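The opening position of the sequence shown corresponds to residue -6 in my numbering, with each subsequent residue numbered one higher. I have placed the structure first, in the form of structure tokens, so that the comments after it can refer back to it.
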Amino acid sequence: MLEIVAIIALSLANSKAAKARGRSGGVAVAYTIALWVGLEIVGSLIGGLFVSRSGEIYIIYAAAVLFAVIGAIISVVISRRGAVLENPVQLQAQPYYGAPQSQPVIPQQQYAPPAAQVAQPAQSKSCVHCGAPITEEGAFCTACGKQLVG
Ligand SMILES: [Zn+2]
């Protein structure tokens, strides 16, 4: 039972290490369990070869644990191979702590009467000769000096 807890703990650690390096966490869990259990079985088989000669059963367990540890170490080495990414995928899901993006302030349009209602400046006359605006009522243009019509 303790071994299962240890495998799960190592799998989670390897998964986290693999994700931090941009790799699949699920794959890390898979090879962690495969290496641990696989090498544990290999170790117990090798230990069994010695048991047949010495008759001491604990050698099986000792070899199984030894090989399981080797498998665990290999899984850790694989998981931690490569550089930690600057921006791991898992960080992208974190909430954005910066200032909330304020909506651009759209100034309320000041009331502008429709163009048809805008009174045309009554005095916006211009000289028929030179085009200069006539600012003063008079018989002659102040710009060109010619006589104004009307
Ligand atoms: Zn004029």
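Using N, Cα and C, we set each Cβ at its ideal position, and we do this for glycine too. None of these values were measured; they are calculated from a predicted model.
According to DSSP, is residue i part of a helix, a strand, or is it coil?
| i | result |
| --- | --- |
| Ser68 | helix |
| Gly124 | coil |
| Ser17 | coil |
Using only CA atoms, which one of the options lies nearest to residue i?
| i | options | result |
| --- | --- | --- |
| Cys123 | Gly131, Glu130, Glu129 and Thr135 | Thr135 |
| Val69 | Tyr54, Lys9 and Gly131 | Lys9 |
| Ser25 | Ile0, Lys118 and Leu38 | For the sequence presented, residue 25 should be read as Thr rather than Ser. Here the closest residue by C-alpha is Ile0. |
| Ala2 | Val22, Ser17 and Gly15 | Val22 |
| Leu141 | Glu129, Val121, Ala65 and Pro126 | Val121 |
| Glu79 | Glu(-4), Val20 and Gly15 | Gly15 |
| Ser72 | Ile127, Leu(-5), Tyr51 and Leu5 | Leu5 |
| Glu(-4) | Leu42, Glu130 and Ala65 | Ala65 |
| Lys12 | Val77, Glu129 and Ile127 | Val77 |
Does at least one heavy atom of ligand 1 sit under 6 Å from the Cβ of residue i?
| i | result |
| --- | --- |
| Ala132 | no |
| Lys217 | No information on residue 217 is available, as it lies outside the stretch -6 to 143 that the chain covers here. |
How would you call residue i, buried or exposed, if buried means at least 16 neighbouring beta carbons within 10 angstroms?
| i | result |
| --- | --- |
| Ala57 | buried |
| Glu49 | exposed |
| Ala27 | exposed |
| Gly19 | exposed |
| Gly40 | buried |
For residue i, collect the residues of the same chain with a Cβ closer than 8 Å to its Cβ; drop the 5 residues on either side in sequence, then sort them by chain order.
| i | result |
| --- | --- |
| Leu84 | Low confidence applies here, because Leu84 scores a pLDDT of 49, under 50, leaving its location unreliable; read the following figure in that light. The answer is none, since no qualifying residue turns up. |
| Lys139 | Cys120, His122, Cys123 and Phe133 |
| Glu125 | Strictly speaking, residue 125 in this sequence is Ala, with Glu absent from that position. The residues are Ser119, Cys134, Thr135, Ala136 and Cys137. |
In chain order, what residues of the same chain have a beta carbon less than 7 Å from the beta carbon of residue i, not counting five sequence neighbours either side?
| i | result |
| --- | --- |
| Ala61 | Trp29, Leu32, Glu33 and Gly36 |
| Gly75 | Arg14 |
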